[in-house]
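Trainee: Protein chains in written order, with the numbering used here: chain P, -16 to 299; chain G, 268 to 741; chain H, 3 to 348. For each residue, glycine too, the CB sits at the ideal point set by N, CA and C. Remember, predicted model here, so these are calculated numbers, not experimental data. I have a structure here, written as structure tokens, and I will follow up with some questions on it.
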Amino acid sequence: MSLLDVKNLKIYYFTLKGVVRAVDDVSFNVREGEVLGIAGESGSGKSTLGYGLMRLVPPPGRIVGGNIVVSGRDIVSMDEGTLRREIRWKVISMIFQGALNALNPVYTIGKQLVEPIIFHEDVSLKEAYERAAEMVKLVGLNEDVLRRYPHELSGGMKQRVMIAMALILRPKIVIADEPTTALDVVIQAQIMNLFKKIKKELNQSIIFITHDLSLIAEIADNVAVMYAGKIVEYGNSDNVFNTPKHPYTQGLLKSIPRLKSKEKLSWIPGTPPDLRNPPVGCRFHPRCPYVMDVCRREEPPIKDVGGNHLVACWLY
Amino acid sequence: MKKLLRNELLRIFLSSSISKIGIIFLAIMIIASAYVVMFMPLDFGLRYWNNPTFWADYPKLVPPEWVNIFLGNKLLRHTILITEKPTLSLEDTKQYILTYSHDTDQLPQTIVFKLNNITFTYTPIIELSVRRPDGRVINLLVIQPLTSGVSERVDLSGRLEVAVALSRFLKDEFNVSISATEVIQRKLEFKILMGTPVISNGYVDFKTLRGNYMFNVFLKSDDPTARIGSVEVVIFGWCYGLMGTDHLGRDLSQALLYGFPVALLIGVVTSVITAVVGALAGVVSGYYGGIVDEVIQRLCDVLNNIPLLPLLIFFMFVIRMNEELRRTVSPLAVIIIVLVVFSWAGIAIIVRSMVLSIKSQQFIEASVAVGASSIRIMFKHILPQVAPFIFAQMMFLTPSAILSEAALSLLGLSDPSIPTWGQILESAFANQAMYLGLWWWIVPPGLLIMYSAITFVFIAQGLEPIVEPRLRKV
Amino acid sequence: MVDKILIVEDLRKYYPIRRSLSEILMFKRGRYVRAVDGVSFYVNDGEVYCIVGESGCGKTTTGRLVTKLIEPTGGVIRYKPSSALARINNEFVVGGYVDYRRLPKKYVKLLRREVQIIFQDPYGSLDPRQTIYSILEEPLVIHGIGNDRKEREELIFKVLEDVKLSPPEEFINRYPHMLSGGQRQRVNIARALILGPKLVVADEPVSMLDVSVRAEILQLMMDLKISRGLTYVFITHDLAVANYICDRVAVMYLGKIVEEADMLKLVNEPLHPYTKALISAVPEPNPSNRFKIREVPIVGEVPSAAAVPPGCRFHPRCPYVMDVCRREEPPIKDVGGNHLVACWLY
């Protein structure tokens, strides 16, 4: 039984210059205790997808189709009040991109951590503070940060606070949208270790959104690779990383510089398409080294190539 | 491509209805101003507006003609009859006949005969008379001009000879006796001239006689060279023109029209100079930083905290009191200068903060790296970025300059040689227009001041999405 | 023996911190952010010299100092000019080297033709209101290169071809926002190269680009290095990127170089505890990593450059900290084979 079931989700931005199909017919699921990594480059729709799962797509974006079923309840059709009271933050929460600025500078960390508890649950302030303290310790911070203000904390500490805040109501799913982009590599490693610890100790389901495939390899059980608003490859991490099927995934993996080898780097020529006006057929075909006639005409369906390894490519 | 970008901004600007209204309003202002510049004398204020003799033949304190549309009882129209050639020319007499058709019960305020440019060798005799619709003739007056080349202006009301003639006419024709002094005191001149007496219960009343009146001027002389340049008869009515008149009989529509280019001039000149000065100071302050920045910013702080209106009043007062200054300095120029001096600081402060953030953008550093000079960076890279903002500020400044001038005029501290809407309002207040209910003297200038302010506010509002992309509709 | 094109000695750049009113009233000494605090290195002609470090370590400031975008607080930068600047026989050219401090203002423009910089941000480093043509024309106009529009156009077309934005006609009339990140970075490179520089400082040129185009830009830079005989000072936070293009690498920490070696040597035998931590923290796209906690031997975060710890500035985070580290700053020492390290362990 999966915790989160996304089916044929479509999120479009209705701009004056045309409809941007940021997320176009995307399906996946997340089981309990599982980490799904969503990888994609800028403009692939991965961040929109993250906001869509919280139903927080900024206007002029709208969810135009599909279902997001969280613990058996479809949040696409749910009214805003119910969503806010019963789902958002309580069942599914988020660590925002650029989290370093997401804390309010005029309140203490404690006050900001306690706020969602008081809003959602009928508990005393003292009890709420106790829970906040517990959570702070879990993310590897000293209890006394509760009394401190955001500007007194370093970047890594703020990021830990953001993680604590996302976990404070013990949601079933946490969406982490580029949680380490602003951090230095040493701190990034520490934060990744924290995610591993949370995953293991709390059996937490996490959706980890990033442009960096290396980070996904560090944490994710399953990987979905997005390109131009679509999932082009989806499957178990070992399968996707070790035997990538889609030419885009292959190209992406080959373009990552590695420290321990000096293998020649390759790259994917061309630029990602304009999502207002995506190419006909497979959206990747103008950049694909294996392009065939059918790719230019028809969009490839997503197909299981064995072992729950799904690929949307005419090669298979 | 550049054109495309511009069109894009224009499209954004025109996408809001508020900016469309603003543009239409502005177009009207510009058309009115262009009309004034092309067809009205530029020294209209000195030559006409402030010259009471020019307005002598206009009715005083009357509403516009179009009120007749809304009123049941029609107000008498102001009429000027004029002829240059004698109607009849005999050997020793030249007769000028001017016919006037009267079709309401209302009597004129007064009737004035104007005999312009009487020339002669020997003194002629000039007789004025009226032939009424009932065929009766009243000989009003005989005058003998003393020198050649003068003009005679004869106001029938309050003139003793006329009153005597009318009194005699009444006695002879209707056997009603009212003394000449009584005629003048009771202002009966035109009741007698244009009416038939009706006696009821011992009181004399007059019934207005409708029909064609013939005003006759006889120039009697043996001298063949004697002539009158032109003969005018002015029948002073009870309504005038498009906008009515003020206490001096001045046609308000002309001053209101003249106010358009003046308002535009004050507004645009002030805002353009302010914006240019403010932008330059802001860019220099933000770009150079350090001591330059400190000096400019502190100066801005000081200027920003000095109240503007009392200061303007003070300056105006100084100019008024000093004979020398009054002749050499235009108060309008002082208003513009003071407004500029005290409003550039606001722009400079905001532009500086914008420059600080633009300066930290990498393309500025990239320009330095390829060797660009400070001047080049300021004018080529920084100024274009703040330009839309400055333009919008200009639009916001324009109405405030117009309003400041109006406020000063209202306090009687403006340039009297150039009529502005504020000055019309001021003279209305000074002459109790409010208490007398002379709405046509107060409402139009007030509305026009608001109109001009709103025009620029609307345009500025429309420009906001261009300046602040976050306000754009996507 | 290869010529050294750039020699930097004891370079320092301090930024004063604005004192509060109470501090001024109490006559407290002004404090400084020591962004660069005694850095010495040299760059050989034709090599790629990398400066690696985390944010705030002073690597970008070093790059700005070397390109003379900012003036140093202290220290010496000497550059070996090869064209017009070298021919000027003057007191500021000593032994074939130009001393930045002595270079008169009017000759700075000549230096700019030889020393250029590629910026990190492909979005922010191009004026959004200029077309590609006018962005690339600007350096030519400033330096009076090319007599007429046609001549300049030829130069612009040539450099656009060089950075593989072809056909150039298709790009010259575009605005930056109409280009992808990778294309913008090519324009950035083109602007840096149009004056024909010898030494190019590349400040994180690929860090803001998508992974799939990074390799392409790096390859382009390497091709240009050979075809135009360039020398790079390559600044990056990413050791894996450095690994692909660098010959020698320096690791900076809090305004100082803590270790310098050939790239291969540094990756395989890092000596300084900080370098070791950096290397261990680099993630690799290997899914088996998800089952194990990555050992990062150091704790805490980089302290502020306004409050540099006494002694070795790394000692509060060092797992091997000794008494001497807290007292005295370690000198930078050659441990053999041009491998320099500033640590009391060696």
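1. Could you please give me the residues that DSSP links to A263 of chain H through a beta bridge?
2. Quick check on DSSP: helix, strand or coil for L129 of chain P?
3. Would you call the CB atoms of I70 of chain P and L(-8) of chain P closer than 8 Å?
4. Evaluate F337 of chain G with the Cβ neighbour count: other Cβ atoms within 10 Å of its Cβ, from every protein chain shown; 16 or more gives buried, anything less gives exposed.
5. In the structure shown, what three-state DSSP assignment does E440 of chain G receive?
6. Where does the unbroken alpha helix (DSSP H) through N87 of chain P begin, and where does it stop?
7. Using the C-alpha atoms, what's the distance from L342 of chain G back to N317 of chain G?
8. Leaving aside the five residues before and after V144 of chain P along the sequence, list all residues of the same chain whose C-beta is less than 6 Å from its C-beta, in chain order.
9. Per DSSP, which one or two residues make a beta bridge with F485 of chain G?
10. Which of the residues in the stretch 129 to 159 of chain H, read from start to end, lie with their CB under 7 Å from any CB of chain G?
11. For the beta strand (DSSP E) containing G44 of chain P, list its first residue and its last residue.
12. Using only alpha-carbon positions, find the residue among H:A307, H:H317, H:L226, H:K82 that is nearest to R33 of chain H.
13. In chain P, which residues lie less than 8 Å from H239 of chain H when you measure between Cβ atoms?
14. Evaluate the contact criterion for the stretch 279 to 292 of chain H versus the stretch 187 to 207 of chain P: three or more CB pairs, one atom per stretch, below 8 Å.
15. In whole angstroms, give me the CA-to-CA distance for V329 of chain G and P577 of chain G.
16. My parser needs the beta strand (DSSP E) runs of 3 or more residues fully inside the stretch 69 to 107 of chain H; what are they?
17. Taking only beta-carbon atoms, is G638 of chain G less than 8 Å away from chain H?
18. Verify whether the separation of the beta carbon atoms of S671 of chain G and I716 of chain G is less than 8 Å.
19. Residues of chain H with CB closer than 9 Å to the CB of E632 of chain G, please, in chain order.
20. Please decide whether M268 of chain G counts as near chain H, where near means a Cβ-Cβ distance under 8 Å.
21. Where L678 of chain G and L374 of chain G are concerned, what is the direct C-alpha to C-alpha distance, given to the nearest angstrom?
22. Quick check: the Cα distance between V54 of chain H and S641 of chain G, rounded to an integer number of angstroms?
23. Return the chain-ordered list of same chain residues with a C-beta closer than 8 Å to the C-beta of T(-2) of chain P, the five sequence neighbours on each side being excluded.
24. Taking Cβ-Cβ distances shorter than 8 Å, what residues in chain G pair up with R80 of chain H?
25. Grab me the residues of L137 of chain H's own chain with a C-beta within less than 7 Å of its C-beta, minus the 5 sequence neighbours each way, in chain order.
26. Taking Cβ-Cβ distances shorter than 9 Å, what residues in chain H pair up with P732 of chain G?
27. What residue ranges within the stretch 176 to 208 of chain H form continuous alpha helix (DSSP H) runs of no fewer than 4 residues, ordered along the chain?
28. Report the CB separation of D205 of chain H from Q118 of chain H in whole angstroms; it is logged as a contact under 8 Å.
29. With a threshold of 8 Å, are at least 3 pairs of Cβ atoms found where one atom belongs to the stretch 13 to 20 of chain H and the other to the stretch 218 to 228 of chain H?
30. Three-state secondary structure (DSSP) at Y17 of chain H?
31. Which residues, taken in chain order from the stretch 273 to 298 of chain H, show a beta carbon closer than 7 Å to some beta carbon of chain P?
32. Is there at least one Cβ from chain H nearer than 8 Å to K179 of chain P's Cβ?
33. Ends of the beta strand (DSSP E) at R266 of chain P?
34. Here's the rule I'm using: 16 or more other beta-carbon atoms within 10 Å means buried, otherwise exposed. How should N245 of chain H be labelled?
35. Looking at chain H, is there any beta carbon in it that lies within less than 8 Å of the beta carbon of Y(-5) of chain P?
36. Do you know offhand how far N468 of chain G's Cα is from E419 of chain G's?
Mentor: In short, the structure shows the following:
1. What you label residue 263 of chain H is simply residue 261 of the third sequence in a count that begins at 1. Residue pairing for A263 of chain H: DSSP places it in a beta bridge opposite H:V251.
2. Counting from 1 along the first sequence, the entry for residue 129 of chain P is found at position 146. The three-state secondary structure of L129 of chain P, taken from DSSP, is helix.
3. As a working note, residue 70 of chain P is residue 87 in the first sequence. As a working note, residue -8 of chain P is residue 9 in the first sequence. At the C-beta level, I70 of chain P and L(-8) of chain P stay beyond 8 Å of one another.
4. The sequence position of residue 337 of chain G within the second sequence is 70, counting from 1. Burial call: exposed.
5. Residue mapping note: residue 440 of chain G aligns to position 173 of the second sequence, counting from 1. The answer is helix: DSSP assigns E440 of chain G an H, G or I state.
6. What you label residue 87 of chain P is simply residue 104 of the first sequence in a count that begins at 1. Here N87 of chain P belongs to no alpha helix (DSSP H), and DSSP marks it neither H nor E.
7. Working through the second sequence from its first residue, we reach residue 317 of chain G at position 50. Working through the second sequence from its first residue, we reach residue 342 of chain G at position 75. A direct Cα-Cα distance of roughly 28 Å separates N317 of chain G from L342 of chain G.
8. In the first sequence, the residue the question calls residue 144 of chain P occupies position 161. Annotation for V144 of chain P: I92 place their beta carbon closer than 6 Å to its own, counting only its chain and skipping 5 residues before and after.
9. Counting from one through the second sequence, the residue named residue 485 of chain G turns up at place 218. Assignment of beta-bridge partners to F485 of chain G by DSSP yields G:Q362, G:E394.
10. Within the stretch 129 to 159 of chain H, the residues whose Cβ lies closer than 7 Å to some Cβ of chain G are D129, R131, T133, E140, P141, I144, H145, listed in chain order.
11. In the first sequence, the residue the question calls residue 44 of chain P occupies position 61. Run containing G44 of chain P: 44 to 53, per the beta strand (DSSP E) assignment.
12. Residue 33 of chain H sits at position 31 when you count from the first residue of the third sequence. Answer by Cα proximity: H:A307.
13. As a position in the third sequence, residue 239 of chain H is number 237, starting the count at 1. By Cβ distance, chain P contributes D167, V168.
14. Using a C-beta cut-off of 8 Å, the stretch 279 to 292 of chain H makes contact with the stretch 187 to 207 of chain P, since at least three inter-stretch Cβ pairs fall below that distance.
15. The residue labelled residue 329 of chain G in the question sits at position 62 within the second sequence. The residue labelled residue 577 of chain G in the question sits at position 310 within the second sequence. Those two C-alpha atoms are separated by around 36 Å.
16. Listed in chain order, the complete beta strand (DSSP E) runs (minimum 3 residues) inside the stretch 69 to 107 of chain H are 76 to 81, 99 to 101.
17. As a working note, residue 638 of chain G is residue 371 in the second sequence. Output row for G638 of chain G: interface = yes.
18. Here residue 671 of chain G corresponds to residue number 404 of the second sequence, with the count starting at 1. Here residue 716 of chain G corresponds to residue number 449 of the second sequence, with the count starting at 1. Using a Cβ distance threshold of 8 Å, S671 of chain G and I716 of chain G do not count as a contacting pair.
19. Residue mapping note: residue 632 of chain G aligns to position 365 of the second sequence, counting from 1. Those are R66, L71, I119, F121, S127, listed as they occur along chain H.
20. Numbered from 1 along the second sequence, position 1 holds the residue referred to as residue 268 of chain G. Caution applies to M268 of chain G, whose pLDDT of 43 falls short of 50 and renders its modelled position unreliable; the model cannot decide the point.
21. Taking the second sequence and counting its residues from 1, one reaches residue 678 of chain G at position 411. Taking the second sequence and counting its residues from 1, one reaches residue 374 of chain G at position 107. Answer to the nearest angstrom: the Cα atoms are 38 Å apart.
22. In the third sequence, residue 54 of chain H corresponds to position 52, counting from 1. In the second sequence, residue 641 of chain G corresponds to position 374, counting from 1. Rounded to the nearest whole angstrom, the C-alpha separation of V54 of chain H and S641 of chain G is 32 Å.
23. Here residue -2 of chain P refers to the residue found at position 15 when the first sequence is read from its first residue. The residues are P43, R259.
24. In the third sequence, the residue the question calls residue 80 of chain H occupies position 78. Here the premise fails: no neighbours, minimum Cβ distance about 19 Å.
25. On the third sequence, position 135 is the one that residue 137 of chain H refers to. According to the sequence as given, residue 137 of chain H is Ile; it is not Leu. Hits under 7 Å: L128, D129, V189, R193.
26. In the second sequence, counting from the first residue as 1, residue 732 of chain G sits at position 465. Within 9 Å Cβ-Cβ: nothing; P732 of chain G doesn't reach chain H, min ~17 Å.
27. Segments of the alpha helix (DSSP H) lying fully in the stretch 176 to 208 of chain H: 183 to 195.
28. Counted from its first residue, the third sequence places residue 205 of chain H at position 203. Counted from its first residue, the third sequence places residue 118 of chain H at position 116. D205 of chain H to Q118 of chain H, Cβ: 11 Å. No contact.
29. No, the stretch 13 to 20 of chain H is not in contact with the stretch 218 to 228 of chain H.
30. In the third sequence, residue 17 of chain H corresponds to position 15, counting from 1. It is a strand residue.
31. Cβ proximity to chain P below 7 Å picks out A279, L280, I281, A283, V284, P285, E286, P287, N288, P289, N291, R292, I295, R296, V298 from the stretch 273 to 298 of chain H.
32. Counting from one through the first sequence, the residue named residue 179 of chain P turns up at place 196. Answer yes: the Cβ-Cβ gap between K179 of chain P and chain H drops below 8 Å somewhere.
33. Position 283 of the first sequence, counting from 1, holds the residue named residue 266 of chain P. Per DSSP, R266 of chain P belongs to no beta strand (DSSP E) and is neither H nor E.
34. Within the third sequence, the letter at position 243 stands for residue 245 of chain H. Classification for N245 of chain H: buried.
35. For the purposes of this step, residue -5 of chain P is taken as residue 12 along the first sequence, with counting starting at 1. No, Y(-5) of chain P does not count as interfacial toward chain H.
36. In the second sequence, residue 468 of chain G corresponds to position 201, counting from 1. In the second sequence, residue 419 of chain G corresponds to position 152, counting from 1. N468 of chain G and E419 of chain G: Cα-Cα distance of roughly 42 Å.
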